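Heads up: the protein sequence lines correspond to chains A and B, in order. Under the numbering used here, the first residue of the first sequence carries the number 61, and numbering increases by one thereafter. Under the numbering used here, the first residue of the second sequence carries the number 61, and numbering increases by one thereafter. Where is the CB? At the ideal position from N, CA and C, for every residue including glycine. Values in this document were obtained by computation on a predicted structure and should not be read as measured data.
2 protein chains.
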Amino acid sequence: MTKEIEVVENIFEENDRIAAQVNKTLTENKVFCINVLGAPGVGKTSVMKRIAEKANFTPFVIEGDIESDIDTETLNKLGIKTVQINTHGACHLDAPSIQNALTGISHIKNGVLFIENIGNLVCPAEFNIGEHAKMLIVSTTDGSDKPYKYPLAFEKANLIILNKCDLTPYLDFDYDFFLKGVLMQNKNATVISVSAKDGDGFDKVVEWIENNACRI
Amino acid sequence: MTKEIEVVENIFEENDRIAAQVNKTLTENKVFCINVLGAPGVGKTSVMKRIAEKANFTPFVIEGDIESDIDTETLNKLGIKTVQINTHGACHLDAPSIQNALTGISHIKNGVLFIENIGNLVCPAEFNIGEHAKMLIVSTTDGSDKPYKYPLAFEKANLIILNKCDLTPYLDFDYDFFLKGVLMQNKNATVISVSAKDGDGFDKVVEWIENNACRI
Numbered sequence: 061m062t063k064e065i066e067v068v069e070n071i072f073e074e075n076d077r078i079a080a081q082v083n084k085t086l087t088e089n090k091v092f093c094i095n096v097l098g099a100p101g102v103g104k105t106s107v108m109k110r111i112a113e114k115a116n117f118t119p120f121v122i123e124g125d126i127e128s129d130i131d132t133e134t135l136n137k138l139g140i141k142t143v144q145i146n147t148h149g150a151c152h153l154d155a156p157s158i159q160n161a162l163t164g165i166s167h168i169k170n171g172v173l174f175i176e177n178i179g180n181l182v183c184p185a186e187f188n189i190g191e192h193a194k195m196l197i198v199s200t201t202d203g204s205d206k207p208y209k210y211p212l213a214f215e216k217a218n219l220i221i222l223n224k225c226d227l228t229p230y231l232d233f234d235y236d237f238f239l240k241g242v243l244m245q246n247k248n249a250t251v252i253s254v255s256a257k258d259g260d261g262f263d264k265v266v267e268w269i270e271n272n273a274c275r276i
Numbered sequence: 061m062t063k064e065i066e067v068v069e070n071i072f073e074e075n076d077r078i079a080a081q082v083n084k085t086l087t088e089n090k091v092f093c094i095n096v097l098g099a100p101g102v103g104k105t106s107v108m109k110r111i112a113e114k115a116n117f118t119p120f121v122i123e124g125d126i127e128s129d130i131d132t133e134t135l136n137k138l139g140i141k142t143v144q145i146n147t148h149g150a151c152h153l154d155a156p157s158i159q160n161a162l163t164g165i166s167h168i169k170n171g172v173l174f175i176e177n178i179g180n181l182v183c184p185a186e187f188n189i190g191e192h193a194k195m196l197i198v199s200t201t202d203g204s205d206k207p208y209k210y211p212l213a214f215e216k217a218n219l220i221i222l223n224k225c226d227l228t229p230y231l232d233f234d235y236d237f238f239l240k241g242v243l244m245q246n247k248n249a250t251v252i253s254v255s256a257k258d259g260d261g262f263d264k265v266v267e268w269i270e271n272n273a274c275r276i
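Quick look at the structure:
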């Protein structure tokens, strides 16, 4: 068991070392980097599409998926420069995979890089990948108890987006219980309700990103 | 890197050895065991509640969560004997944790044991935990592309339950595209559409479980 713990510690140390390098490169190039976290199907790609529509900045995307390039095709068709990473089974992105992907888009400067992590509300929250901020996307359809059951992702998030608010008339979503759970994990995160289907709420999301991007 | 691969292989081997022991004990006691897989918020607990309402068998539950015992409280209130496992961060249940939990319910005989795995469409599919069957729950609200993006869970499932069908009038869910994706990964799984909210479709689910339970 000692050998297992030692190997895990080495993986985290090496990851953090490379994450710091990635962050330095991005900062030098005035690229604000957002690690996009969320469970499968919460609307990570749809949210990024809506942000890109409203934004005054140039968006770039690194699209993480276990398999498939469905989302990359969607984003490239909209003119958003997107690079695909397929992990072929791995449950999260790590800093070395981002460092490697950046060699393919090394000329990016002055913009916002979204890294869509693997759809998983657990493992991705454990790994820094060089980002300046973590944006957690959750969905009304998944219920209001998520902050209580998956605390780490909520604890680490800087911006929490509650998506699919257009569906609340058909759900038993308890916003007060949700927000109480968020505040138990994290008193500093900004929480914004949106509907990626209707486009509601994205002015506030873009404002948050622009305010934070200009600080790097 | 060789040391990391070796450690991972040892973990899988040890897990499979204990999973075989768990399976043998459950089979000897005529307990049919179902590993319940699914992303956060797809309705794993709600589906089990509906199954328990309709079933002629005695249901037992081992409830896996990273933190909290919200679902265990719900199930115990309904008179369903439920044991909680909290993984405190770990992204899946493994066979040793099930072997350990079974010592708390060692007297169970002649029934169906549901093990609700951690809400995660990736990692839990990699680990056998002594089950006779894997029941994958997915939700219409998460979109029809899930089989393409998370192939392993679909490949390993014996029964695939598509939940929240009451919400399809408000969604762009493409059932044909979903089913095509399922069949790419798995031609043998049974697929059943349900609504845990309304109770629709659960006669078929209970029938599937009873037909398979009597074979052990």
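Whole-angstrom distance between residue j and residue i, CA atom to CA atom
i       : j       : result
R275(A) : D129(A) : 33 Å
L181(B) : N180(A) : 7 Å
E113(A) : K194(A) : 20 Å
I292(A) : E66(B)  : Here chain A covers residues 61 to 276 and nothing more, so residue 292(A) does not appear.
G164(A) : V143(A) : 8 Å
P229(B) : W268(B) : 27 Å
T39(B)  : F120(B) : There is no way to answer for residue 39(B), as the model of chain B reaches only from 61 to 276.
D205(A) : I178(B) : 14 Å
A115(B) : K84(B)  : 24 Å
V82(A)  : K247(B) : 43 Å
H192(A) : K224(A) : 26 Å
I168(B) : T134(B) : 20 Å
D154(A) : K137(A) : 27 Å
E74(B)  : L196(B) : 24 Å
I140(B) : G171(A) : 54 Å
I158(B) : C151(B) : 15 Å
A357(B) : D131(A) : As displayed, chain B neither begins before 61 nor continues past 276, which places residue 357(B) out of reach and without an answer.
Closer than 8 Å to chain A by CB, residue i
i       : result
T134(B) : no
T201(B) : yes
M61(B)  : Bear in mind that the predicted position of M61(B) carries a pLDDT of just 48, short of 50, making it unreliable; the figure below should be weighed with that in mind. Answer no: the Cβ-Cβ gap between M61(B) and chain A never drops below 8 Å.
V251(B) : no
I130(B) : yes
Test item: CB-CB of residue i and residue j under 8 Å
i       : j       : result
G98(B)  : K90(B)  : no
V107(B) : V254(B) : yes
N207(B) : G261(B) : Reading the sequence as shown, one finds Pro at residue 207(B) and not Asn. Their beta carbons are not under 8 Å apart, which means P207(B) does not touch G261(B) by this criterion.
D110(A) : A256(A) : First, the residue type needs correcting, since residue 110(A) is Arg and not Asp in the sequence shown. Cβ distance < 8 Å, so R110(A) and A256(A) count as in contact.
L175(A) : V198(A) : Sequence inspection shows Ile at residue 175(A); the Leu mentioned does not correspond to that position. Going by C-beta atoms, I175(A) is not nearer than 8 Å to V198(A).
A213(A) : A185(A) : yes
G203(A) : T201(B) : no
I126(B) : G149(B) : yes
V251(A) : L231(A) : no
F92(B)  : N271(B) : no
Of the listed residues the options, nearest to residue i (C-alpha basis)
i       : options                               : result
E69(B)  : E133(B), F187(B) and R110(B)          : F187(B)
A217(A) : E74(A), V96(A), G139(A) and E66(A)    : V96(A)
K209(B) : I178(B), M244(B), L222(B) and N177(B) : M244(B)
E215(B) : L227(B), D234(B), F233(B) and L239(B) : L239(B)
G259(B) : D236(B), A273(B), D226(B) and N271(B) : D226(B)
T147(B) : C183(A), Y235(A) and F237(A)          : C183(A)
C-beta neighbour in chain B for residue i, strict 8 Å
i       : result
A115(A) : no
T228(A) : no
I126(A) : yes
N149(A) : The question names Asn, yet the displayed sequence has Gly at residue 149(A). Judged by the 8 Å Cβ criterion, G149(A) is in contact with chain B.
I158(A) : no
Interface flag, residue i vs chain D, CB-CB below 8 Å
i       : result
K206(A) : Within the model displayed, chain D is absent; protein chains A and B are what it includes.
Proximal residues, the segment 168-183 of chain A versus chain B, C-beta separation under 8 Å:
Those residues of the segment 168-183 of chain A placed with their C-beta closer than 8 Å to a C-beta in chain B are I178, G179, N180, L181, V182 and C183, ordered along the chain.
Name the residues in the segment 97-108 of chain A whose C-beta lies less than 7 Å from a C-beta of chain B; which are they?
Taking 7 Å as the Cβ-Cβ cut-off, the segment 97-108 of chain A approaches chain B at A99, P100 and G101, given in chain order.
Give, in chain order, every residue of the segment 209-225 of chain A whose Cβ lies closer than 9 Å to some Cβ of chain B.
Taken in chain order, the members of the segment 209-225 of chain A whose beta-carbon sits within less than 9 Å of a beta-carbon on chain B are K209, Y210, P211, L212 and K224.
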